[in-house]
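Before any comments, here is the structure.
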């Protein structure tokens, strides 16, 4: 593969993973609520979920959207509804002590929950479909270029999304009162819902 193609793939992976979207807004909120260390499984789940999504598209799942465009519309509706539900959960998160009593809060997303979320995350689908349709090379280079796409999203994606969780953990110090935490939760819930506008 040409170095220019690898550079283009890496640039695309960086831009799409570091810019605002449902994953990054949720990581910002999780970092603020639970700290960076407790948010690591959430981040690993995103990386794993995106990798599986990319592999699925490379293996032909993306063709279903070409054959049956209504499926993409259904995915967008399901993804939007789930995103709004997550926005509600963020906005209504507990605002008592940071270390809430067991049972009041389930904690940050588990790795498998954030991995599964990628399959209803419209931005993740746009990233996967866009990268495969643009950068996957036909013929003998298909497997190699597909592997490079997956590797780029894993190696570049994790540090990119870590910035959001890290920023959230720094904000955590400022969230010293229930009033500030309530305001932050409401803002993050609204921003999470507003990412639908960025995607649409």
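Numbering (this note's numbering), first residue to last: 1114 to 1313.
Yeah, the Cβ is synthetic: ideal placement off N, Cα and C, and Gly gets one too.
All figures in this text were calculated on a predicted structure; none of them were measured in a lab.
Every alpha helix (DSSP H) stretch that sits fully inside the stretch 1188-1268 and reaches 4 residues is listed by chain position as 1224-1230 and 1235-1248. In the three-state reduction of the DSSP assignment, residue 1140 falls in the helix class, which pools H, G and I. Pairing residue 1301 with residue 1138 gives a Cβ-Cβ distance under 8 Å. Residue 1238 and residue 1289 have their alpha carbons spaced roughly 37 Å apart. With the rule of 3 Cβ pairs closer than 8 Å, the stretch 1179-1191 does not count as touching the stretch 1272-1280. Collapsing the DSSP output to three states places residue 1177 in a helix. In this chain, the alpha helix (DSSP H) harbouring residue 1124 covers 1116-1131.
Looking at the backbone, the Cα of residue 1219 and that of residue 1115 are separated by about 47 Å. Residue 1249 and residue 1158 have their C-alpha atoms spaced approximately 24 Å apart.
When only Cα atoms are considered, residue 1227 and residue 1154 end up about 9 Å apart. With contacts defined by Cβ atoms closer than 8 Å, residue 1233 and residue 1167 do not form a contacting pair. For residue 1163, the secondary structure class from DSSP, reduced to helix, strand or coil, is helix. In the three-state scheme derived from DSSP, where H, G and I count as helix and E and B as strand, residue 1273 is classed as helix. When DSSP states are grouped into helix, strand and coil, residue 1171 belongs to the helix group.
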